[in-house]
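If you count by my numbering, then the sequence shown holds residues 98 to 1335, one letter each, in order. Backbone N, C-alpha and C define an ideal beta-carbon position, used for all residues, glycine too. All values derive from a computational prediction rather than experimental measurement. Okay, structure first, notes after.
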Amino acid sequence: MGEPSPSSKLDDASEHVDSFQFRSSEFKLRPDQLAELHDPKSMAAFVNLFDDDPNNLYTFLGTDKSSGLSLADEDVTETERYKVYGDNRIPQRKPKSFLQLAWEAFQDRIMILLTVAAVISFALGLYETLGQPPEYDSEGKEITKVDWVEGVAIMIAVLVVILVGSANDYQKELQFSKLNNKKNDREVIVLRNGDEHLISIHDIMVGDVVVLQTGDVVPADCILVKGTCECDESALTGESQTIKKAAIDVSYSKYKQLSANDAAIDIGVRAAEKVPDPMLISGSKLLSGLGRAVITSVGVNSVNGRTLMSLKVENESTPLQERLDSLANSISVYGSVAALILFIVLFIRFLVNLKNGGHLDGMSPAQKGSRFMNIFIVAITVIVVAVPEGLPLAVTLALAFATTRMAKDGNLVRVLRACETMGSGTAVCSDKTGTLTENRMTVVKGFLGTTYFDETEETMEVAEPEDHIISKECSEATKKDLLVNISLNSTAFENKEEGEVKETNENPFHKPRKSLFPWSRNNRKERHSTANELIENASEPNAEPFIGSKTETALLSFARKHLGMQDLQSYREHPENLGVAEIVQIIPFESVRKWGGVVVKYDNGLHRFFIKGAAELILKRCKQMRTSDGRSASISEKDFESASRTITGLAADALRAISLAHRDFLNCQSWPPEDMQDSADPSLASPDRLFGDEVSFSALQNNSGGEQREDLVLDAIVGIQDPLRKGVKVAVEQCQKAGVTVRMVTGDNILTATAIAKNCSILQGGPNEDPDSSMEGPNFRKLTNKERRRIVPKLRVLARSSPEDKRILVETLKEMGDVVAVTGDGTNDAPALKLADVGFSMGISGTEVAREASDIILMTDDFSAIVNAIKWGRCVSTSIKKFIQFQLTVNITAVVLTFVSAVASAEETSVLTAVQLLWVNLIMDTLAALALATDKPDENILDRKPRGREAALITVSTWKMILGQSTLQLIVTFILHFAGKQIFFPHKADITGHEQQQLNAMTFNTFVWLQFFKLIVTRKLDEADGISNVRDRITASNLNFFQDLFRNYYFLAIILLIGGFQVLIMFVGGAAFSIAKQTGAMWATAVICGMLSLPVGVVIRIIPDEWVLKVFPSRLVKMILYVLGFKFLRKSGNKNEEEESLLDSNSDAKLVGSTAFERAKTEMMAFKEHVGLDNHHLNPFQAYKKWRHSSSSSAGSDTEESHYYIASATMVPTLVGGAVGGFSHITMKDGLPDKKAS
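And the structure:
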């Protein structure tokens, strides 16, 4: 991998580090030397760098394999280690400055044209003022020439528009920069001073010993020194296969053995025997395993850091932004056509008037040039007004404010499109643990051997531990085995900072910094951060004795309370304290397996396998059980049924049932036994073989002989309580009210899952409950696609499910047209999170892989935050629709008024001057976008049903308001402009130029006040949308435009700003704005006419949409759109229709439900017919259409499964032939062809 060229700033920093390193007395190795270990991965480089001794890894880096770095009470940034190697931060690309943004805004061609025209107008005005002799009026007074003022005013107006737009862009950049900083931070476990600590990945230093487990993302380049794991490095190396990692000692020994015969051997070299890989690359993902690794390269010196520095991150466009850009382009075309026609008409009249006898005949050349420039400026200004640059700005502002406020509500948005997609959501597939429940687990009930205990609130008695029934009746041997199982078979660790807030805050490597995430458990508290208060309430880190999986922390707390557990870390580092000679193999818990295990060796040579996990799965594999006195007895039919009833009873009480068991290997001299070896790694036992097969009932009945010492022995069954979260029932009911179906997808027993589902209203319960409303994952997996489609609409609970079951459920829902949100916390949830329209990962309990695959992180793991995401998603969509409604009204009125008044004018001038139009443009673009895009969700936003992913941007109710208000504004302004003389000067045959300027100024003033009150009308969309009864449409929520007016301070500030500036312009605008002083009657007329927007808005709201559709039938509307859209000028769309047939996933899904077909079809859409070929034999679209025709005509003759084989048989040669024939590539966008590009 080639090293990218960093910025000059980084070069300077590197030179400084290099010069410092050469005189470093503490560290021997430079960062660039350490970087060579991973790029490329090389054991030869390791041997050369560390003098052929693996122990020098710790010596040269000043660390310890068991205790990590030893740091004194000093700021780590002052240490020589930090100065030499730096920290794990990637320098942020310098954001664009305000001046840069302003310069980019000025690059707009229309703005440049307008500025050039203004400069020419200014030059001509100056020439007219200074280069021509003075002119006198009829009374002999000299006429003051101010022709240059308009040019200056236009330049100032352009400058204001650019500055205000740039200020908004700058604010947006700051908002997104904050969110990016949040989403790039995460926590890892490191060993420092002999203890495990959670720190930010940014605070990792070279020499740190990091503790890694399944689901983690490797934070920096490091070398595995303990354990084994499997990594996915495909995102960095392009290698699709997962890579097994071994500890450095194992790799070193093997390398020395192989290199003795082959000097060229190294990691990745193809050979009969390969060198085990101990190198972990930053950014790779741990798919399985546990381990400890020593950090060798951080920040820009790591592989991932150099890769990120070489990439230029482009701002993503969301689907809504793309649709708005398309709408803005269409509107711009119409505005440009109107401006061109206006210019042509006025220019022809100008040429006519230049002839002898025309009213321009006697003017000077400068005056004629000035008159022409006025015509040109008005035409350009019409384009400026018509181009709705506020549309993209509105969606950007709405997303910026929504994502910022969502973060305060517990949602960290990683992918912007997810914010708007949630507004169309129709289904939520939620985990149970931690999302619907509090994730504060406690062991409250169960059996240890045959000793029953119950510590639920209803039965719990106040008793000392030594007086507890477990202490009295349970044997020491049973408690000892359970203690070994719970303490060693766990990835959770002790929270050393428990109750020591002060010490934690003074800890040098928990340096004071703003806590960005809920998993930053040891950070200093920030008193003034809403997000941090939310996090602290959710996690309360200092109250938790253990950190890790909540099931494991509950068992560890139980072990400390009842089994005499002491220091957890000492047990793991010195297992002899538990009577264990050696920990031989650890099998971490995985959601697919639903169990975790550990193999230990005792002093007498006995190997014992401890296992804990899903209660019924382990019970079905046990042939023996522990008794209270510590003996093992065969399980009888009665015992088996009793244990099954216990598990059922725990599940019915909404408790998570966990079984703990062990298995002895008596005659095992070395691990693993030959019949247990893992085919991929013979040095380890296969987890599946260790777990064994289910014991048949007949085997249990016959299992009455002596003890079978190598059978799985059931030690305990315990029930773990996880209370329902406060407010989750209300949140689920809100989702249902909003038309969003909530489904619970959990790994728990079906009885536990249904009990929780009923408590939180996912299931209603009662005798009428549909039997298909709950199902277990293995049964769901076996269903055919047709059966799944029948059951899924009724399904509410999927229990004992695997991540693959979740993925199948999401895929089925999407095929049926749902917009699906999914929650996930495990590594194996990543496919479902990626497949879903919106993936939610857990901020507290989720793995790094799940977070990387998700769109939104639930910072508090709380389901209520999903409801907030739905609210904000709908709010973004609503805000954009409000802005479209406002802007199109202004666009239509301004363009038509300017066009008509200019054409009707003998002077070829519009009633609205260029400067006035620029002020209107500022109102309707930047200020209106800021006012309408920053609104909060209203109380009724969840009362509306979801619109779906392809809902129209402009609905009938929106068009109704746009056309109604536009008609009002045109009528009012035309009357004032054309009949103003008769209204205000009825007794004068002719009026003076000053009086005409008064009338024009009044028309402009009225126009602005119409927009002022229209903005108030627009802030509330039609609440009665879809209601046809007139009486039902007359409600306060629908007709009260001032409802919740004070909820949005931005709106109030902008309304006051617009009103204040308009008054100021009318009083002091003078020559710059072509304003003449207004009389009281003119002011009253302007304001009262402006207020007409309110009653007209009420009338329009009362009129049902159905009435509008009767007046304007859909066929007429389509015909108008056909003409206005210039579709008759476009190329024939036969090929596009062919592509549409492939893009119609819903109809395809009805025809072929196979997942394999859907995937093959997506791949097939990457090719299309070559332009130069006349036949279609190799065209995949034709082949696909023929196949569809043949399959539909032979319906019933073939099975559903056989369909996709026919499809694949058609597609494969088609794709190969297409590639050979050189067919062009269709631009892919989000996995689908971009129809615009094609």
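Suppose contacts are defined by Cβ-Cβ distances below 8 Å. Is S898 in contact with V987 by that definition? If you number the sequence shown from 1, residue 898 lands on position 801. If you number the sequence shown from 1, residue 987 lands on position 890. No, the pair does not count as a contact, with Cβ atoms beyond the cut-off.
Just reading off the beta strand (DSSP E) that T393 is part of, what are its end residues? Taking the first residue of the sequence shown as 1, we reach residue 393 at position 296. Where T393 is concerned, the enclosing beta strand (DSSP E) stretches over K382 to S394.
Among all the DSSP beta bridges, which residues are the ones paired with I298? Here residue 298 refers to the residue found at position 201 when the sequence shown is read from its first residue. For I298, which the question treats as bridged, DSSP gives no partner whatsoever.
Does the segment 810 to 819 touch the segment 495 to 513, meaning 3 or more C-beta pairs lie closer than 8 Å? no
What does a CB cutoff of less than 7 Å around I1172 pick up in its chain, not counting 5 residues either side in sequence? Here the question's residue 1172 lines up with position 1075 in the sequence shown. For I1172, where only same-chain residues beyond five positions count, the Cβ hits under 7 Å are A1098, I1162, M1163 and G1166.
Could you tell me the boundaries of the beta strand (DSSP E) in which Q338 lies? On the sequence shown, residue 338 is found 241 positions in, with the first residue counted as 1. Premise fails: Q338 is in no beta strand (DSSP E) and is neither H nor E.
C-alpha distance - L1039 paired with M1021, whole-angstrom precision: The count along the sequence shown starts at 1 and reaches residue 1039 at position 942. The count along the sequence shown starts at 1 and reaches residue 1021 at position 924. In a straight line, the C-alpha of L1039 is about 29 Å away from that of M1021.
In whole angstroms, what is the alpha-carbon distance linking V1160 and I1152? Looking up residue 1160 in the sequence shown gives position 1063. Looking up residue 1152 in the sequence shown gives position 1055. Distance between the alpha carbons of V1160 and I1152 is about 12 Å.
Alpha helix (DSSP H) segment containing A838, residue limits: Start at 1 with the first residue of the sequence shown, and residue 838 comes out as number 741. Ala is not the amino acid found at residue 838; the sequence shown has Thr there. No alpha helix (DSSP H) holds T838; the beta strand (DSSP E) holding it covers T838 to V842.
Cut-off 6 Å between Cβ atoms - residues of its own chain near V198, not counting five sequence neighbours on either side: Taking the sequence shown and counting its residues from 1, the one referred to as residue 198 is at position 101. Here residue 198 turns out to be Leu, not Val, going by the sequence shown. Excluding positions up to five away in sequence, the list reads S263, D266 and Y267.
Which partner residues does Q1159 have in the DSSP bridge list? Mapped onto the sequence shown, residue 1159 falls at position 1062. Per DSSP, none; premise fails for Q1159.
For L457, the nearest candidate out of G1077, E1004 and G159 (CA to CA): By one-based count along the sequence shown, residue 457 stands at place 360. Closest option to L457, Cα to Cα, is E1004.
Just to confirm the assignment: which complete alpha helix (DSSP H) runs, minimum length 4, are found wholly within the segment 1082 to 1164? 1090 to 1115, 1127 to 1130 and 1133 to 1136
Compute the distance between the beta-carbons of A651 and A749, then report whether it is under 8 Å. The count along the sequence shown starts at 1 and reaches residue 651 at position 554. The count along the sequence shown starts at 1 and reaches residue 749 at position 652. No; because the gap between Cβ atoms is not below 8 Å, this pair is not in contact.
Label W200 either buried or exposed according to how many other C-beta atoms from any shown protein chain fall within 10 Å of its C-beta, with 16 as the threshold for buried. Against the sequence shown, residue 200 aligns to sequence position 103. So W200 counts as exposed.
Any idea which residues DSSP pairs H759 with across the strands? The sequence position of residue 759 within the sequence shown is 662, counting from 1. Answer is F707 and V810, bridged to H759.
Cβ atoms of I1199 and V1114: under 8 Å apart, would you say? As a first step, residue 1114 is located in the sequence shown; it is residue number 1017 there, counting from the start. As a first step, residue 1199 is located in the sequence shown; it is residue number 1102 there, counting from the start. No, they are not a contact pair.
Report yes or no: do the segment 131 to 144 and the segment 355 to 365 share at least 3 C-beta pairs separated by less than 8 Å? yes
Y1146 burial status per 10 Å Cβ neighbour count (16 or more: buried): The residue given as residue 1146 occupies position 1049 in the sequence shown. It counts as exposed.
Do the CB positions of L757 and K709 come within less than 8 Å of each other? Here residue 757 is taken as the residue at index 660 of the sequence shown, counted from 1. Here residue 709 is taken as the residue at index 612 of the sequence shown, counted from 1. Contact: yes.
Can you tell which of R420, Q1079 and V322 has the C-alpha that lies nearest to the C-alpha of D305? Position 208 of the sequence shown holds residue 305. The shortest C-alpha separation from D305 is found at V322.
Report the CB separation of L158 from V307 in whole angstroms; it is logged as a contact under 8 Å. As a first step, residue 158 must be located in the sequence shown, where it is residue number 61. As a first step, residue 307 must be located in the sequence shown, where it is residue number 210. Contact flag wrong, Cβ pair sits at about 13 Å.
For T539, report the span of its beta strand (DSSP E) as first-last. Here residue 539 corresponds to residue number 442 of the sequence shown, with the count starting at 1. Taken as a continuous stretch (DSSP letters only), the beta strand (DSSP E) holding T539 covers T539 to L545.
Given L675, which residues of its chain have a CB within under 8 Å of its CB, disregarding the five upstream and five downstream residues? Here residue 675 is taken as the residue at index 578 of the sequence shown, counted from 1. So the qualifying residues of the chain are K577, L580, V581, S584, L585 and Y668.
Identified DSSP bridge partners for L752: Walking along the sequence shown from the start, residue 752 turns up at place 655. For L752, which the question treats as bridged, DSSP gives the partners Q818.
Closest by CA to D374, which one among G324, L421 and A357? By one-based count along the sequence shown, residue 374 stands at place 277. Nearest of G324, L421 and A357 to D374, Cα basis: G324.
So which of E1203, R178 and Q310 has the shortest CA-CA distance to P685? Within the sequence shown, residue 685 is the residue found at index 588, counting from 1. Of the candidates E1203, R178 and Q310, the one whose C-alpha sits nearest the C-alpha of P685 is Q310.
Between which two residues does the beta strand (DSSP E) carrying Q682 extend? The count along the sequence shown starts at 1 and reaches residue 682 at position 585. Unbroken beta strand (DSSP E) run through Q682: V677 to E687.
Any idea which residues DSSP pairs C1336 with across the strands? With the chain covering 98 to 1335 only, the question about residue 1336 has no answer from this structure.
Hey, I480 and G432: beta-carbon distance below 8 Å or not? Locating residue 480 in the sequence shown gives position 383, where the first residue counts as 1. Locating residue 432 in the sequence shown gives position 335, where the first residue counts as 1. It is a contact, given that the beta carbons lie within the stated cut-off.
Would you mind stating whether C571 and S793 have Cβ atoms separated by less than 8 Å? Here residue 571 is taken as the residue at index 474 of the sequence shown, counted from 1. Here residue 793 is taken as the residue at index 696 of the sequence shown, counted from 1. Result no, Cβ atoms of C571 and S793 do not sit closer than 8 Å.
Enumerate in chain order the residues of its own chain whose CB-to-CB distance from F469 is below 7 Å, with the five nearest sequence positions on each side excluded. Translated into the one-based positions of the sequence shown, residue 469 becomes position 372. Excluding positions up to five away in sequence, the list reads F447.
If I measure Cβ to Cβ from A1086 and keep anything under 7 Å in the same chain, skipping five residues before and after, which residues do I get? Position 989 of the sequence shown, counted from the start, is the residue given in the question as residue 1086. Excluding sequence positions up to five before and after A1086, its CB lies less than 7 Å from no other CB in the same chain.
What is the DSSP secondary structure of L457, counted as helix, strand or coil? Start at 1 with the first residue of the sequence shown, and residue 457 comes out as number 360. L457: coil per DSSP, three-state reduction.
Under the three-state reduction of DSSP, which class applies to A896: helix, strand or coil? Counted from its first residue, the sequence shown places residue 896 at position 799. The answer is strand: DSSP assigns A896 an E or B state.
Beta-carbon spacing of L985, I1059 below 8 Å: In the sequence shown, the residue the question calls residue 985 occupies position 888. In the sequence shown, the residue the question calls residue 1059 occupies position 962. Yes, Cβ-Cβ distance for L985 and I1059 is below 8 Å.
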